[in-house]
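What follows is a set of notes on a single structure, which appears directly below.
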Amino acid sequence: MSDLFSNAPAAKKAANTTYTADDIEVLEGLEPVRRRPGMYIGGKDEAAMHHLVSEVFDNSMDEAVAGHATRIDVEIYEDNVVKITDNGRGIPIDPHPKFPKLSALEVILTTLHAGGKFSGKAYETSGGLHGVGISVVNALADALQVDVFKDGTAYAQQYSQGKAAGALEKVGPCGKKTGTSITFHPDPEIFGEKAQFRADRLYKFVRSKAYLYKGVEIRWQCAPSLVEGTDTPAQETLHFPKGLASYMEGALENVAMITDNIFAGEAPLAGDRGRVEWAIAWTEDEDSNLRSYCNTITTPEGGTHEAGLRGALTKGIRHFGELAKQQKRAAAITTEDVLGGAVMILSLFIKDPQFQGQTKDKLVNAEATRLVENAIRDRFDLWLSNDPAQANKLLSNLMDRAEDRLRRRAQKDVARKTATQRLRLPGKLADCSRAGSEGTEIFLVEGDSAGGSAKQARNRETQAILPLRGKILNVASATSDKIRANQEISDLELALGVHAGKAFDIAQLRYDKVVIMTDADVDGAHIASLLMTFFYKEMPALISTGHLYLAQPPLYRLTVGGETFYASDDAEKAKMQEKLSQGGRRKVEVGRFKGLGEMTPGQLKETTMHPGKRRLLRVMIADEDIESTEERLEQLMGKKPELRFQFIQEQTALLGDNLKEALDV
């Protein structure tokens, strides 16, 4: 029951109550955002809080893409304050025609769906089109200050929790300086008292934006204490004149390539709809990687622009095959073959983009497929024809890949699959090559980033990798129909070769070990808990027969005298640091891993995946613990939130008692 109806009586008394206009609550201003932040930024967790930065930053990027700004400054402070400044036109401060008593600035900051990007007059292409970004940030900040430099005068206004804390003030002259500066502190009432921006995460975000638009210079600065022990710089100027090509060159350093050259470029869209930029390289690896953006906004779930890219590449290579008199072999090439081993970045700038959801994870403009395909196809044909030797090398590789795929299908080289699973394996599964299950392992990892590192670190003969998209369904509180309809669970069953529930047959298991490998943080622990819950509820025999394991990636990297060591927790780090420092005579550099995706393939292999060096925990349930395990599972993962609340209260009380005892001692 929604908390909007705070006076609602119990259901059994509903027949004796009245329902009048007094019961209808009208939320004004930005109160809906504070009541339901998940509707606007996806939740109240760390990822949602970081999304606030992207909302402010994307406004500055829109100014740059529109040609009005050349520089963006990003500053991160120790007290969880972020300041973003651009040298664009500055938010308008004159009275708004519809609200003459308010400045346009205050209307934008305090009103949902107010902005300059609806008509297309102020911005031809932009990422923030819903008119909620900066107002949402204002609503979810307990302190926000906006400074505007315009027409030779500096203006300032302060806000708190979505409301103006004072009038717009003239601060003084600013000469020729123009632009906008937003400084804000996320509200602890929304995000918690311990919430803290991660400098490394924000640095990666702004660095990727610098690649996406080569006309902007981004100045990064953060408190040194926030990057201590990491590879993230405290201060840096980011500017990449070659755009995506610069990124690709850095990413492919020391990577074996099929072609010597990168297929990179940019082209206008037909009908003056915008432009598209891309960088693509084919490597000798089997796995593909595609990152896409629209108006500098990342689109992790892809969309119609990605479909256009796939169409352009597939049709282009087939056409070149016809010109090379390889029509029959080239006709067998599919999109799967073309993308195999390809590393791709696609950046689209388009008027009036349509996204799926406020967080803009997927582009859905139907016309984008045709526009992108036509723009890239012409350039791809030219790229292939200008270097026939390299083009023939790529064509030969893709034809071999297609024939190998068809050969495996014809020979049923999936004998390890059950009869009902011979049709396909999950698309993102990087399978191992050993025919039998003996000695084989499958690693279940979170997301494409960790999956990419794991695929490069694995032993291809015995180790398979299955990237999962975020948190899987909590099967302890879901209906059987919902479980069966879940795509992630379906892919998991397909990869393992077994069915969940009563149809489970351990003899059909395709791997000797099933290893859950997640980040060593709270989110990683949550994902591991959901996976263990799934196996316990739907495939208990997999646990009882000793096939389920937890990987133990290290938390810390310690470097001294050119040697590297790893520690799994704070205690081991402290002990190792003391030993390596030799009483303080040697300096020990300590770095903390934020996630598997940030580890190099070599580090991941050495610490977590190599059978001779890693540590694995086998998941087991002793017979005497079955009853207590059932109770705890129902308490933490079941349908009754009051049981979880009870557990939190008990643990909080226990923590308080332990703390009191420690203080008394």
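Numbering follows the working numbering, with no gaps: position 608 of the sequence shown is 733. The beta carbon of each residue, even a glycine, is placed where N, CA and C say it ideally should be. In this text, all values refer to a predicted model and were calculated from it rather than measured experimentally.
How is residue i classed by DSSP in three states: helix, strand or coil?
{"i": "residue 235", "result": "helix"}
{"i": "residue 750", "result": "helix"}
{"i": "residue 743", "result": "strand"}
{"i": "residue 413", "result": "coil"}
{"i": "residue 661", "result": "helix"}
{"i": "residue 159", "result": "helix"}
{"i": "residue 504", "result": "helix"}
{"i": "residue 380", "result": "coil"}
{"i": "residue 396", "result": "helix"}
{"i": "residue 530", "result": "helix"}
{"i": "residue 525", "result": "helix"}
{"i": "residue 196", "result": "strand"}
{"i": "residue 282", "result": "strand"}
{"i": "residue 576", "result": "helix"}
{"i": "residue 179", "result": "helix"}
{"i": "residue 187", "result": "helix"}
{"i": "residue 374", "result": "helix"}
{"i": "residue 165", "result": "helix"}
{"i": "residue 227", "result": "coil"}
Considering only the beta carbon of each residue, do residue i and residue j sit closer than 8 Å?
{"i": "residue 565", "j": "residue 636", "result": "yes"}
{"i": "residue 758", "j": "residue 650", "result": "no"}
{"i": "residue 309", "j": "residue 174", "result": "no"}
{"i": "residue 196", "j": "residue 296", "result": "no"}
{"i": "residue 726", "j": "residue 582", "result": "yes"}
{"i": "residue 668", "j": "residue 746", "result": "yes"}
{"i": "residue 408", "j": "residue 381", "result": "yes"}
{"i": "residue 570", "j": "residue 597", "result": "no"}
{"i": "residue 185", "j": "residue 209", "result": "yes"}
{"i": "residue 188", "j": "residue 219", "result": "no"}
{"i": "residue 421", "j": "residue 328", "result": "no"}
{"i": "residue 300", "j": "residue 277", "result": "yes"}
{"i": "residue 509", "j": "residue 465", "result": "no"}
{"i": "residue 519", "j": "residue 451", "result": "no"}
{"i": "residue 432", "j": "residue 446", "result": "no"}
Measuring straight from C-alpha to C-alpha, what distance separates residue i and residue j?
{"i": "residue 250", "j": "residue 638", "result": "Residue placement at residue 250 cannot be trusted, given a pLDDT of 47 that sits under 50; what the coordinates show is reported in the next sentence. So the two alpha carbons sit approximately 50 Å from each other."}
{"i": "residue 397", "j": "residue 191", "result": "14 Å"}
{"i": "residue 495", "j": "residue 416", "result": "19 Å"}
{"i": "residue 554", "j": "residue 283", "result": "51 Å"}
{"i": "residue 428", "j": "residue 434", "result": "10 Å"}
{"i": "residue 326", "j": "residue 182", "result": "14 Å"}
{"i": "residue 515", "j": "residue 384", "result": "6 Å"}
{"i": "residue 253", "j": "residue 214", "result": "At residue 253 the pLDDT is 44, less than 50, meaning the model places this residue with poor confidence; the figure from the coordinates comes in the next sentence. About 17 Å."}
{"i": "residue 542", "j": "residue 507", "result": "Because the pLDDT at residue 542 is just 44, under 50, the model does not fix this residue reliably, and the point stays unresolved."}
{"i": "residue 371", "j": "residue 365", "result": "6 Å"}
{"i": "residue 630", "j": "residue 663", "result": "12 Å"}
{"i": "residue 492", "j": "residue 346", "result": "40 Å"}
{"i": "residue 661", "j": "residue 599", "result": "12 Å"}
{"i": "residue 107", "j": "residue 204", "result": "Missing from the structure shown is residue 107; the chain here goes from 126 to 790 and no further."}
{"i": "residue 587", "j": "residue 471", "result": "34 Å"}
{"i": "residue 230", "j": "residue 202", "result": "25 Å"}
{"i": "residue 711", "j": "residue 702", "result": "10 Å"}
{"i": "residue 680", "j": "residue 740", "result": "13 Å"}
{"i": "residue 557", "j": "residue 716", "result": "32 Å"}
{"i": "residue 618", "j": "residue 405", "result": "33 Å"}
{"i": "residue 286", "j": "residue 272", "result": "18 Å"}
{"i": "residue 244", "j": "residue 459", "result": "In this prediction, residue 244 scores a pLDDT of 38, lower than 50, which makes its location untrustworthy; the coordinate-derived value is nonetheless stated afterwards. Looking at the two C-alpha atoms, the distance is approximately 41 Å."}
{"i": "residue 678", "j": "residue 227", "result": "55 Å"}
{"i": "residue 686", "j": "residue 693", "result": "21 Å"}
{"i": "residue 359", "j": "residue 714", "result": "16 Å"}
{"i": "residue 603", "j": "residue 698", "result": "40 Å"}
{"i": "residue 394", "j": "residue 457", "result": "30 Å"}
{"i": "residue 723", "j": "residue 645", "result": "12 Å"}
With respect to the alpha helix (DSSP H) encompassing residue i, which residues constitute its N-terminal and C-terminal limits?
{"i": "residue 436", "result": "429-448"}
{"i": "residue 75", "result": "As shown, the chain starts at 126 and ends at 790. That puts residue 75 outside it, with no answer to give."}
{"i": "residue 718", "result": "Where residue 718 is concerned, there is no enclosing alpha helix (DSSP H), given that its DSSP letter is neither H nor E."}
{"i": "residue 315", "result": "313-316"}
{"i": "residue 452", "result": "452-456"}
{"i": "residue 461", "result": "460-464"}
Beta strand (DSSP E) containing residue i: first to last residue?
{"i": "residue 333", "result": "No beta strand (DSSP E) holds residue 333; the alpha helix (DSSP H) holding it covers 324-337."}
{"i": "residue 699", "result": "Here residue 699 belongs to no beta strand (DSSP E); instead the alpha helix (DSSP H) covers 695-706."}
{"i": "residue 210", "result": "207-211"}
{"i": "residue 593", "result": "588-593"}
{"i": "residue 272", "result": "266-275"}
Is the CB of residue i under 8 Å away from at least one CB in chain D?
{"i": "residue 699", "result": "Of the protein chains in the structure, only one exists, and it is not chain D."}
query = Which runs of the beta strand (DSSP E) fall wholly inside the segment 604-689 and span at least 3 residues, in chain order?
reply = Within the segment 604-689, the complete beta strand (DSSP E) runs of at least 3 residues are 638-642, 673-676, 681-685.
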